[in-house]
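Novice: Structure incoming, see below.
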Amino acid sequence: MLAGRKRIVCVGEAMVELAPRGTAWDVGYGGDTLNQALHLARFGHDVAYFSALGVDPFAPRMLGDWAREGLDTSLVLRDPERATGLYAISIDSQGERRFTYWRSHSAARQLFAHPDVNTAMAQAEVAEVLVYSLISLAILPEYGREALLGLAREVRRRGGKVAFDGNYRASLWQDIGLAQVWRSRAAGEADYGFPTIDDERELSGTEDADEVAALWKAEGCGEVLVKLGGKGCRLPDGEFVPPAMLLKPVDSSGAGDAFSAGYLACRLRDASPLEAALKAHELAGWTVMRGGAIPPRDHAAPYSGSSSASPE
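So this is what it looks like as structure tokens:
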């Protein structure tokens, strides 16, 4: 499990996050692949984030914070014509979150039209692992989606691996059929696939984890780990693993991203799928017991060693 660190490139959109604190708002940042990138960096991997930010007051703070976390920001392009995306979180009594977005004019949407994108692409192509999601595809125009899928193919052609997370947000797609097409194409170019059962209920019309795994395998995905939310996960071999025991959750923002990152971080260090899933549950549990999608590290942060949990 302690094999060498991997060079990982995560692709997607990072946004300014407004989280409620009493009658005020805390300003942070988030985004599914950014959350994964930061978790992977905390596990000791060599991680770069490939995205675009606006030239605005938020971007320098974001870049500085990411660099202090050990994230390589050299592939984060700046767009003077566009803004950094923003979202606000509202949280109910069960810790479940609702999001309101302002992202239609974000810099990340035009990432693959940026004048410097070819230079960044050349660096991303030599990654040992490429990480992106259905949201990464959803925010892009057609040519950008083709470019991102082409990047995935090139990484694999060079001997690298691709991890794809099936995060589905209906509001980002013109229609569900288009989302299904791109999900299928991306799954077919992935070595690690992370579908979520709630998303697949809409995309595939099934709540059966075995059926979801079979569908992703049929589309060409390598290793499929089905995320079941509060019920745990389905391992690639069909075994079900329950989640870590939790007290009342504080904020479920980023739990799924933490799980995917924890699993991938451990699998890349030769942990078994079961070992990786236990660590992923531990990380997701730690995350939801704290505020924000990426809580500050503390003494309980489970970023090293193997999981102390045991399967039930």
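Mapping the sequence shown onto full-length UniProt numbering, position 219 (from 1) lands on 219, and the numbers just tick up by one. Glycine included, C-beta positions come from ideal geometry on N, C-alpha and C.
Just how far apart, CA to CA, sit leucine 2 and arginine 269?
Specialist: Confidence at leucine 2 is low in this model, with a pLDDT of 42, below 50, so the placement of that residue is unreliable and no value is reported for it.
Novice: What residue range does the alpha helix (DSSP H) around leucine 111 cover?
Specialist: Boundaries cannot be given for leucine 111, as no alpha helix (DSSP H) includes it and DSSP labels it neither H nor E.
Novice: Under three-state DSSP, which class holds tryptophan 173?
Specialist: coil
Novice: Indicate the three-state DSSP secondary structure (helix, strand or coil) for aspartate 79 in the structure shown.
Specialist: Strand at aspartate 79.
Novice: May I have the straight-line CA-CA distance separating glycine 256 from glutamate 81, to the nearest angstrom?
Specialist: 32 Å
Novice: Indicate the three-state DSSP secondary structure (helix, strand or coil) for leucine 140 in the structure shown.
Specialist: Assigned with DSSP and collapsed to three states, leucine 140 falls in coil, not helix or strand.
Novice: Run the CB neighbour count on arginine 68, radius 10 Å, all protein chains shown included, and call it buried at 16 or more, exposed below.
Specialist: It counts as exposed.
Novice: Exposed or buried, which one is isoleucine 89 when buried takes at least 16 other CB atoms within 10 Å?
Specialist: Buried, because 16 or more other Cβ atoms sit within 10 Å of the Cβ of isoleucine 89.
Novice: Excluding the 5 residues preceding and the 5 following glycine 262 in the sequence, name in chain order all residues of the same chain whose CB lies nearer than 6 Å to its CB.
Specialist: Result list for glycine 262: Lys279, Ala280, Leu283, in chain order.
Novice: Could you give the residue range of the beta strand (DSSP E) that holds phenylalanine 164?
Specialist: First-last of the beta strand (DSSP E) with phenylalanine 164: 161 to 165.
Novice: Could you say which of Asp165, Val27, Arg109, Gly4 lies nearest to threonine 33 if we only look at CA atoms?
Specialist: Among Asp165, Val27, Arg109, Gly4, the Cα nearest to that of threonine 33 belongs to Asp165.
Novice: The alpha helix (DSSP H) spanning cysteine 266 covers which residue range?
Specialist: 255 to 267
Novice: Buried or exposed: which applies to asparagine 118, given that a residue is buried once 16 or more other Cβ atoms fall within 10 Å of its Cβ?
Specialist: exposed
Novice: For aspartate 251 and tryptophan 286, what's the separation of their Cα atoms in angstroms?
Specialist: 10 Å
Novice: Look at arginine 5 and glycine 44 and say whether their C-beta atoms are less than 8 Å apart.
Specialist: yes
Novice: For isoleucine 135, tell me which candidate among Arg234, Pro243, Trp173, Arg7 has the shortest Cα-Cα distance.
Specialist: Trp173
Novice: Whole angstroms is fine: what's the gap from valine 226's alpha carbon to arginine 201's?
Specialist: 12 Å
Novice: Just to confirm, are leucine 111 and tyrosine 132 a CB contact at a threshold of 8 Å?
Specialist: The answer is no: Cβ separation not under 8 Å.
Novice: Three Cβ pairs or more, each shorter than 8 Å: is that satisfied between the stretch 23 to 39 and the stretch 289 to 306?
Specialist: Taking 8 Å as the limit for Cβ pairs, the verdict is that the stretch 289 to 306 does touch the stretch 23 to 39.
Novice: Under the three-state reduction of DSSP, which class applies to alanine 107: helix, strand or coil?
Specialist: helix
Novice: Which residue from Arg158, Gly230, Asp237, Tyr87 puts its Cα closest to that of glutamine 94?
Specialist: Gly230
Novice: Looking at the unbroken alpha helix (DSSP H) that takes in alanine 244, where does it start and where does it end?
Specialist: Note, alanine 244: premise wrong, no alpha helix (DSSP H); not H, not E.
Novice: Would you kindly report the start and end of the unbroken alpha helix (DSSP H) that includes glutamate 17?
Specialist: Taken as a continuous stretch (DSSP letters only), glutamate 17 belongs to no alpha helix (DSSP H), being part of the beta strand (DSSP E) at 15 to 21.
Novice: So alanine 120 is in the alpha helix (DSSP H); what residue range does that whole segment cover?
Specialist: 117 to 124
Novice: Where does arginine 7 fall in DSSP's three states?
Specialist: strand
Novice: If I measure Cβ to Cβ from serine 204 and keep anything under 7 Å in the same chain, skipping five residues before and after, which residues do I get?
Specialist: Val212, Leu215
Novice: Quick check: what's the CA-CA separation for glycine 177 versus glutamate 219?
Specialist: 16 Å
Novice: What would DSSP say about aspartate 72, mapped onto helix, strand or coil?
Specialist: For aspartate 72, the three-state secondary structure derived from DSSP is strand.
Novice: Quick check: the Cα distance between aspartate 175 and histidine 299, rounded to an integer number of angstroms?
Specialist: Cα to Cα, the separation comes out at about 45 Å.
Novice: Touch check for the stretch 8 to 26 and the stretch 122 to 131: three-plus C-beta pairs under 8 Å?
Specialist: Of all C-beta pairs linking the stretch 8 to 26 to the stretch 122 to 131, three or more are shorter than 8 Å, placing the two stretches in contact.
Novice: Is the beta carbon of leucine 40 less than 8 Å from the beta carbon of alanine 265?
Specialist: yes
Novice: Under 7 Å Cβ to Cβ from alanine 301, same chain only, skipping five residues before and after it: list those, please.
Specialist: Trp286
Novice: Whole angstroms is fine: what's the gap from valine 76's alpha carbon to glutamate 96's?
Specialist: 31 Å
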